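Asker: Numbering (numbering that gives the first Met the number 0), first residue to last: 0 to 430. The C-beta atom is built at its ideal place from N, Cα and C for all residues, glycine as well. Keep in mind it's a predicted model, so treat the numbers as computed, not measured.
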Amino acid sequence: MSALPQALSDHRALRFLTAGSVDDGKSTLIGRLLYDSRAILADQLDTLQKRAAGEPIDLSLLTDGLEAEREQGITIDVAYRYFATRHRKFIIADAPGHEQYTRNMVTAAAGSDAAVVLVDITKIDWRATPVTLLAQTRRHALLAHLLRVPSIVFAVNKLDAVDADAQAAFEATRAALQAFAAEAGITVAGIIPVSALRGDNVTAPLDAPWYQGPSLLQLLERLPTTQERTEGTLLQPVQFVARESGSAGEGAGHQPRIFWGRIAHGAVQAGDAVQVFPSGEQAVVAEVRRAGSTVDRVQAGESAGIVLDRQLDISRGDWIASPGALKPTQRFEATLAWLDTEAAQVGRKYWVRHGNRWVQARIASIEHRLDIHTLAPTDAHELAVNEIGHVVIELQQPLPLEPYASNRVGGALIVVDPASNRTSGALLVRG
0 MSALPQALSD
10 HRALRFLTAG
20 SVDDGKSTLI
30 GRLLYDSRAI
40 LADQLDTLQK
50 RAAGEPIDLS
60 LLTDGLEAER
70 EQGITIDVAY
80 RYFATRHRKF
90 IIADAPGHEQ
100 YTRNMVTAAA
110 GSDAAVVLVD
120 ITKIDWRATP
130 VTLLAQTRRH
140 ALLAHLLRVP
150 SIVFAVNKLD
160 AVDADAQAAF
170 EATRAALQAF
180 AAEAGITVAG
190 IIPVSALRGD
200 NVTAPLDAPW
210 YQGPSLLQLL
220 ERLPTTQERT
230 EGTLLQPVQF
240 VARESGSAGE
250 GAGHQPRIFW
260 GRIAHGAVQA
270 GDAVQVFPSG
280 EQAVVAEVRR
290 AGSTVDRVQA
300 GESAGIVLDR
310 QLDISRGDWI
320 ASPGALKPTQ
330 RFEATLAWLD
340 TEAAQVGRKY
350 WVRHGNRWVQ
360 ARIASIEHRL
370 DIHTLAPTDA
380 HELAVNEIGH
390 VVIELQQPLP
400 LEPYASNRVG
410 GALIVVDPAS
420 NRTSGALLVR
430 G
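1. Straight-line CA distance for arginine 87 to glutamine 235?
2. In chain order, which continuous runs of the beta strand (DSSP E) of length 3 or greater are located wholly inside the segment 294-339?
3. For the beta strand (DSSP E) containing arginine 137, list its first residue and its last residue.
4. Phenylalanine 153 and valine 116 - do their beta-carbons sit closer together than 9 Å?
5. Taking the alpha-carbon positions, what's the arginine 352 to valine 358 distance?
6. In the DSSP assignment, the beta strand (DSSP E) including threonine 17 goes from what residue to what residue?
7. Which runs of the alpha helix (DSSP H), 4 residues or longer, sit entirely within the segment 104-186?
8. DSSP on tyrosine 79, reduced to helix/strand/coil?
9. Under 8 Å: does the beta carbon of arginine 421 sit that close to some heavy atom of the ligand COA?
10. Tell me which residues share the same chain as valine 428 and place their Cβ nearer than 7 Å to its Cβ, disregarding the 5 neighbours each side in the sequence.
11. With DSSP as the reference, identify every bridge partner of alanine 383, one or two as the case may be.
12. For histidine 367 and isoleucine 392, what's the separation of their Cα atoms in angstroms?
13. How would you write the range of the beta strand (DSSP E) that serine 364 sits in, first residue to last?
14. Candidates Val287, Gly354, Asp23, Thr373: which alpha carbon is nearest lysine 432's?
15. Here's a check: name, in chain order, each residue in its chain whose Cβ is nearer than 6 Å to the Cβ of alanine 241, leaving out the five neighbours to either side.
16. Are the Cβ atoms of aspartate 164 and arginine 197 separated by less than 9 Å?
17. What distance in whole Å lies between the Cβ atoms of serine 214 and leucine 437, which are believed to be in contact at a cut-off of 8 Å?
18. If you run the structure through DSSP and keep just helix, strand and coil, what is leucine 427?
19. Using the rule of at least 16 other Cβ atoms within 10 Å of the residue's Cβ for burial, across every protein chain shown, is serine 419 buried or exposed?
20. Expressed to the nearest angstrom, what Euclidean distance is found between the alpha-carbon atoms of glutamine 135 and arginine 126?
21. Quick check on DSSP: helix, strand or coil for glycine 30?
22. Confirm, please, whether the CB-CB distance from arginine 315 to serine 302 is below 9 Å.
23. Does the Cβ-Cβ distance between valine 287 and valine 275 come in under 9 Å?
24. What are the residues that DSSP puts in a beta bridge with tryptophan 350?
25. For glutamate 286, which residues does DSSP report across the bridge?
26. Using 8 Å for Cβ pairs, my map puts isoleucine 29 next to arginine 80. What's the rounded Cβ distance?
27. Whole-angstrom Cβ separation of alanine 343 and leucine 369, contact assumed at under 8 Å?
28. Would you list the one or two residues that DSSP bridges to threonine 422?
29. Quick one: is glutamate 182 buried, meaning 16 or more other Cβ sit within 10 Å of its Cβ, or exposed?
30. Quick check on the DSSP output: the alpha helix (DSSP H) that includes glutamine 268 runs from which residue to which?
31. Since I believe valine 283 is in contact with valine 267 (beta carbons under 8 Å), could you give me their beta-carbon distance rounded to a whole number of angstroms?
32. Between which residues of its own chain and proline 376 is the CB-CB distance below 6 Å, once the five residues before and five after are set aside?
33. Between the C-alpha atoms of isoleucine 185 and alanine 38, what's the straight-line distance to the nearest angstrom?
34. Give me the Cα-Cα distance between alanine 175 and leucine 132, rounded to the nearest whole angstrom.
35. Helix, strand or coil: how does DSSP classify leucine 233 here?
36. Apply the 10 Å Cβ neighbour rule to serine 364 and answer buried if 16 or more other Cβ atoms are within range, or exposed otherwise.
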């Protein structure tokens, strides 16, 4: 487990998700964070107090906004909430715990800086040797790790239910989590004991002689945000093409085109040579925009508008990069997280989306499936819902792919069923 930084080194808003199994207390934990940090509007609090009618306030209702969620007592869709402390701003994603909605968790994880995976102490036999973790807890932690969520935190929840044995229960569960993380190659940012219902160790440190670590909020305040690579070659997906009259490099009367997109890695400035994919044509950057204004330089993690020194046929879905940096490929290996109830089958055709470009593809082979319980590769001819496998993909047209381990934008694709238009899976390009 990594040590807690002594000082706040990153003041940018932290995007984190909560994940875990059903009824682990994810929504209650977020409600507790909002309640204790005073991020609840007066009318919301009044509504909750009236609904409670003298009973303890149900904090999960702060995030379970859909009527079906309130009726069933489960989280179905990802709910986003915002709050701030004196030290930092936060964007929280409350992801569903049910296996049926794992795709929603993957969506939330893809853009998160941290994942808080809840472990319900009442659902595991912490007296057993060894302690067995729930499959969904392992699955969510593995998915967060595969999706390169920088910081993974385990929150051992509902310690109020084992008050008499809280220390023993937490230490046994922590040992099981550490063993699982070591086996899976996951670097854990923290393992925190909490009671979301009672508020123990959520925002204020736990008053117990057996735990001297930080509260969950204290740890979150010190976690780093995702750092895009600002040095090296440029890579920018083209998301939107705009026209504007009067600009450098175009001459009077022309309407130069501005190619907007969020830079995946590197930086861009006027005078840089660039190459466009898929055409392969090259040009020089005449002007760079950010938020509608001309600037000297824009770097990774920021949205840039690029004006070129000559007219090229560029549209949404193309890529702008440093010359020679793109390596188009039509066949590649990837980790596939399958999210559809209809199994992934070898030879079947799908649509894949890379950046803003859609291309037809087929699964050429399934090399193996990852056993969630043993973490061992096993033979497989198809991947069922929520299974993770190593596959080979063939594309109808070449794409400029990069290993997901080096870049989350250039190395990620989504898989869509052409018949139902369902999002069927997430592809992570292997190096």
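Answerer: The short version:
1. Counting from one through the sequence shown, the residue named residue 87 turns up at place 88. Counting from one through the sequence shown, the residue named residue 235 turns up at place 236. One C-alpha to the other measures close to 29 Å.
2. 296-298, 302-307, 318-320, 327-337
3. Translated into the one-based positions of the sequence shown, residue 137 becomes position 138. Looking at the DSSP string, arginine 137 is not in any beta strand (DSSP E); the run it does join, the alpha helix (DSSP H), is 134-145.
4. On the sequence shown, position 117 is the one that residue 116 refers to. On the sequence shown, position 154 is the one that residue 153 refers to. Yes, these two residues count as a Cβ contact at 9 Å.
5. Taking the first residue of the sequence shown as 1, we reach residue 352 at position 353. Taking the first residue of the sequence shown as 1, we reach residue 358 at position 359. If I take the Cα positions, the gap works out to 6 Å.
6. On the sequence shown, residue 17 is found 18 positions in, with the first residue counted as 1. First-last of the beta strand (DSSP E) with threonine 17: 13-19.
7. 134-145, 165-183
8. Along the sequence shown, read from residue 1 onward, the residue named residue 79 stands at position 80. Here tyrosine 79 sits in strand by DSSP.
9. As presented, the structure is devoid of all ligands, the ligand COA included, so that no description of it is given.
10. Counted from its first residue, the sequence shown places residue 428 at position 429. Only Phe331, Ala333, Leu400, Glu401, Pro402, Tyr403, Gly410 meet the Cβ criterion.
11. In the sequence shown, the residue the question calls residue 383 occupies position 384. None; alanine 383 has no bridge partner.
12. Looking up residue 367 in the sequence shown gives position 368. Looking up residue 392 in the sequence shown gives position 393. Each residue's alpha carbon lies about 14 Å from the other.
13. As a position in the sequence shown, residue 364 is number 365, starting the count at 1. 356-369 is the span of the beta strand (DSSP E), which, as asked, contains serine 364.
14. Past the boundaries of the shown model lies residue 432; the chain is included only from 0 to 430, so the question cannot be answered.
15. Your numbering for residue 241 matches position 242 in the sequence shown. Excluding positions up to five away in sequence, the list reads Ile257.
16. To locate residue 164, count along the sequence shown from 1; it is residue 165. To locate residue 197, count along the sequence shown from 1; it is residue 198. Against a cut-off of 9 Å, the Cβ pair of arginine 197 and aspartate 164 comes out as no contact.
17. The requested residue 437 does not occur in the structure, where the chain is confined to residues 0 to 430.
18. The residue labelled residue 427 in the question sits at position 428 within the sequence shown. If DSSP states are grouped into helix, strand and coil, leucine 427 belongs with the strands.
19. To locate residue 419, count along the sequence shown from 1; it is residue 420. The residue in question, serine 419, is exposed, as its Cβ has fewer than 16 Cβ neighbours within 10 Å.
20. As a working note, residue 135 is residue 136 in the sequence shown. As a working note, residue 126 is residue 127 in the sequence shown. Approximately 20 Å, taken between the alpha carbons.
21. For the purposes of this step, residue 30 is taken as the residue at position 31 of the sequence shown. Glycine 30: helix per DSSP, three-state reduction.
22. In the sequence shown, counting from the first residue as 1, residue 302 sits at position 303. In the sequence shown, counting from the first residue as 1, residue 315 sits at position 316. It is not a contact, given that the beta carbons lie outside the stated cut-off.
23. Along the sequence shown, one-based indexing puts residue 287 at 288. Along the sequence shown, one-based indexing puts residue 275 at 276. Not in contact: valine 287 and valine 275 (Cβ atoms no closer than 9 Å).
24. In the sequence shown, counting from the first residue as 1, residue 350 sits at position 351. BP columns for tryptophan 350 point to Gln359, Val415.
25. Mapped onto the sequence shown, residue 286 falls at position 287. Paired residue(s): Val306.
26. For the purposes of this step, residue 29 is taken as the residue at position 30 of the sequence shown. For the purposes of this step, residue 80 is taken as the residue at position 81 of the sequence shown. So it is a contact: roughly 6 Å between Cβ atoms.
27. If you number the sequence shown from 1, residue 343 lands on position 344. If you number the sequence shown from 1, residue 369 lands on position 370. Between leucine 369 and alanine 343 the Cβ distance is about 13 Å, and since that is not below 8 Å, they are no contact.
28. Along the sequence shown, one-based indexing puts residue 422 at 423. Paired residues: Val415.
29. Taking the first residue of the sequence shown as position 1, residue 182 is located at position 183. Burial call: exposed.
30. What you label residue 268 is simply residue 269 of the sequence shown in a count that begins at 1. Counting along the chain, glutamine 268 falls outside any alpha helix (DSSP H), though it belongs to the beta strand (DSSP E) covering 266-268.
31. Within the sequence shown, residue 267 is the residue found at index 268, counting from 1. Within the sequence shown, residue 283 is the residue found at index 284, counting from 1. Actually they are not in contact, since the Cβ atoms of valine 267 and valine 283 sit about 11 Å apart, beyond 8 Å.
32. The residue labelled residue 376 in the question sits at position 377 within the sequence shown. Only His367 meet the Cβ criterion.
33. Position 186 of the sequence shown, counting from 1, holds the residue named residue 185. Position 39 of the sequence shown, counting from 1, holds the residue named residue 38. Approximately 32 Å between the Cα atoms of the pair.
34. Sequence index remark: in the sequence shown, residue 175 carries index 176 (1-based). Sequence index remark: in the sequence shown, residue 132 carries index 133 (1-based). Cα-Cα distance, rounded: 7 Å.
35. For the purposes of this step, residue 233 is taken as residue 234 along the sequence shown, with counting starting at 1. In the structure shown, leucine 233 sits in coil (DSSP, three-state: anything other than H, G, I, E or B).
36. By one-based count along the sequence shown, residue 364 stands at place 365. Burial call: exposed.
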